[in-house]
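Below is one structure; the comments refer to it alone.
Numbering (our numbering), first residue to last: 40 to 1108.
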């Protein structure tokens, strides 16, 4: 029952009458104009109406929609898409005696000869098929005081009957062209008569203020009249499928089954409108009720709710005994349903329990399971009372919630429990449990147990590789018979329910759709794009071979690949179906357990209907609205097509549509409730647009709406264009031939001239060749002479070669001797450098990067401790290789003499003495020799603070760097501009400087070889790049710092030869 009110788009709730036209639109007469309804939208129409007050609406035998208006009779003359034209057929007038006009019409009836009979307050107006009007007037006792009723009409056989609102029954006599009043029994008073209904050729009903009266005829006379139903204020009558409907003016709607004795009238539950103005059955057997509170649509539901208790509880379990009874558990009670006539009976066999989750029957016992793994049972022979003996079996050690039970042919009860364990429990007749787990072949959680026609047990379970087991009764264990599944999903795969068909095929309801196992093959069953991968919770095959499926969106019916969905629209109390929630009683009743009670459907009365063919309401191309008829449409090239269509079946909100454009594709579009289509940019060709619809419930797809059309070719594909292309092509070909001929003539003339020119050239070249031949002959004589001379020179060169080879051997011996000497020099130089143990003792944490340019180096460092003072010297001598190495030997020897022998520890004085000694040793005063060195001398002693080191240093053109702990700022300490050795203009003495360091500070000192190293672009490494490097690596361990410095140097060199000796020492305080 569906209510349409102003909140749904209806212009007013005061609806007086309703009809359905031949196209499928619903037309509603209201006190605010007439309304057209297409199932989705209401459209109010006032234009063309003489008055907004409409009493009734009628569909004639020709399919015309006729409206009875306060001020006339009107007809919907033309309706195409959204274009509606209202035409006045009979003009209204307030004068009741105007022979050419109608006076406040209340209703209209059309007889078999297509005469219209129009009820007026005091008379009846007849309009013949030719349009002639004839009025029949009546005395005052016939006059009505009602705003909506005056005379009602019915045709029984060939006779027209009428009754006034005041209760006077009339028969029309065509011979006398007059109405004759028919007397009624004294005990029948039909005052307030508002409706007539023909039952058969000799019987009709009268609805009046006192109820429903039955009038039986004998020829043209009344045989009998009696009160059939005592109901107050009947307003309307109609019949659908041998069922009569009775509407009243006083908030009630009734129904009665025709031909069933005794005659009883039943109130239709759920109907709450105050006033029923009209009842109209459409061609789909739907009932439309016009009321003062809106429009009501009553649709026959396929599913009915089974009232088990005072509320609709969750169906926790539903099962079937081996003798065919249905068991239902709602969580607190257990019911049995048994066949009784065409219906069923129900009774409670167990109650006063809580938390029940499943139900079963075996060995003449009723069983229930709960969430704690407790199995409760009673003997069938015991009557359920408070004193009924209840047995309990604790299966908690095997699992918790008992979710399913199955009885095998030997009356054993098999139980599935929901927990993380694998297995299934068998309870024999003596109530002894046996647990089948991994040790007996079951490696996953079992959800359902079923037995096939050969009495073999099968288990449905969880897991893509462990979802199906078969019981081996000989070994008393289960065998995994799961076949590979061709599915791709990350979700857990599980079998929820299963059933065998008559051919022995196994149908599995799973979390990933419906599967069918046939022998050694298994495949997923196609249920359409929308349902194929749906979680199927229940499965059942009825006596007709139809497959029923329970899901969380309703019940699916699979018959011959046709999938039909049933949901709340079809009477289900909810769309959430319980797991394993389908059972069949006898051969005609299918019970469905849901989250909101138990539902039932009669499988024998299932007649699939075809949905009404869609109607095309509107069609547009890219630029304009199109008018279509039976002929093919022609559309311009590269156009798009848009349209709106409707299948006039009600209710319409669940109707789905598909369309396809044959000639472009043979595939239907996805099913959707949208009743529009759009095809963009259609290429030229012939096409057929097809649209089909499907109503919700027991309906199949409709016949297709077809619209053939042609898309024209583009102008450049037309015959005229092709002729033009041919003409242009011929002109182009002629031009190509003409131009090519001219070109060949020019080439021929040019070739002749070229041949002549080449002939002259050849003659000249022939003369040149003769002269050249003579010249070559002369040169040949000269070459012979020269060849003899070269032979003599070759002999001389051979003797010189032998001399050079001998000299080369001498040079190689000398080279080896020099290399041995240099190697010895390297050994001597390494020996005079401070050894590692002394460095570790005095400096503790340090690294030395020492790379001579050649084998030996001109850079050296010197370290000693005198009287608690650590003297550390780094020097860069003039030159490199052997000359530089000789200078390092001199420097090392002189420092031993100055510091260790003379005990001089002052850095400035050490440099002064070193300068003088170098000049003396090298006799620079007499020879002018300028060799010497740059040097840095440090005197390091302990400071005042713990771990502090005080440094006094003097420098001869050699700076050093330091970085304080925790700082990224590098400091450079410069020395004097003087050089050690050589003749110098600057005679200023060396100056001592002082600086202190704390633990963790880093000191970097060395020669300028690192900074001066060039890359392949002849750019030196430089001080800035060195500063950046040191600030980046200062926090690394000292060996790592050395490694980073070597890597940076090598990457910068890019294979360029080393320019100078390199010495770099890092010391951590």
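Just so it is clear, CB atoms sit at the ideal spot from N, CA and C, and this is done for glycine as well.
Rounded to the nearest whole angstrom, the C-alpha separation of residue 527 and residue 586 is 25 angstroms. Using a Cβ distance threshold of 9 angstroms, residue 457 and residue 439 count as a contacting pair. Within 10 angstroms of the beta-carbon of residue 464 lie 16 or more other beta-carbons, which makes it buried. An exposed status is given to residue 847, since fewer than 16 other beta-carbon atoms sit within 10 Å of its beta-carbon. Of the residues assessed, residue 774 falls on the exposed side of the cut-off, its CB having fewer than 16 other CB atoms within 10 angstroms. Contact annotation: the segment 607-624 does not touch the segment 654-663, with fewer than three C-beta pairs closer than 8 angstroms.
Going by DSSP, residue 401 is part of the beta strand (DSSP E) stretching over 395-401. Within the DSSP bridge table, the entry for residue 263 names 255 as partners. Look at residue 997 here: in three-state DSSP terms it is coil, with no helix or strand label. Only residues of its own chain outside the window of five on either side were considered, and among them 581, 582, 583, 585, 623, 626, 627, 628, 629 have a CB closer than 8 angstroms to the CB of residue 642, listed in chain order. In this structure residue 897 does not touch residue 878 by the C-beta definition: roughly 20 angstroms separates them, more than the 8 angstroms allowed.
With fewer than three CB-CB distances shorter than 8 angstroms, the segment 1071-1080 does not count as touching the segment 1018-1037.
Residue 420 counts as exposed, since fewer than 16 other beta carbons sit within 10 angstroms of its beta carbon. Inclusion of residue 336 and residue 40 in the CB contact set at 9 angstroms is warranted, their separation being smaller than that value. For residue 481, the three-state secondary structure derived from DSSP is coil. Here residue 344 really is in contact with residue 636; their C-beta atoms are around 6 angstroms apart, less than 8 angstroms. Judged by DSSP secondary structure, residue 79 falls outside any alpha helix (DSSP H); it is assigned neither H nor E. Looking at the backbone, the Cα of residue 947 and that of residue 974 are separated by about 11 angstroms. In this structure, residue 1000 lies away from residue 1034, with their beta-carbon atoms at least 9 angstroms apart.
The beta carbon of residue 873 lies closer than 6 angstroms to those of 902 in the same chain, with the five residues before and after it left out. Its Cα nearest to that of residue 367, the residue 408 stands out among 408, 338, 693. Taken through DSSP and simplified to helix, strand or coil, residue 940 comes out as helix.
In the three-state DSSP reduction, residue 448 falls in the coil class, being neither helix nor strand. If you draw a straight line from the Cα of residue 943 to the Cα of residue 959, it comes to about 19 angstroms. Counted as a single uninterrupted DSSP element, the stretch harbouring residue 499 is not any alpha helix (DSSP H) but the beta strand (DSSP E) occupying residues 496-500.
The residues 650, 688, 694, in chain order, have a CB closer than 6 angstroms to that of residue 734 in the same chain once the five nearest residues on each side in sequence are set aside.
The Cβ-Cβ distance between residue 281 and residue 292 does not fall below 9 angstroms.
Cβ-Cβ distances below 6 angstroms link residue 700 to 718, 726, 728 in the same chain, with the five nearest sequence neighbours on each side left out; the list follows chain order. Along the length of the segment 840-899, whole alpha helix (DSSP H) runs at least 4 residues long occupy 875-882, reported in chain order. For the pair residue 126 and residue 189, the Cα-to-Cα distance works out to about 25 angstroms. In the DSSP assignment, residue 416 forms a beta bridge with 406, 430. Contact annotation, residue 243 with residue 192: C-beta distance approximately 11 angstroms; criterion of less than 8 angstroms not satisfied. In this model, residue 921 and residue 900 are separated by some 17 angstroms (Cα to Cα). Looking at the DSSP output, residue 179 sits in no beta bridge, so it has no partner there.
In the structure shown, residue 472 adopts extended strand secondary structure according to DSSP, grouped into three states.
Annotation: the continuous alpha helix (DSSP H) that includes residue 1062 extends over 1062-1072.
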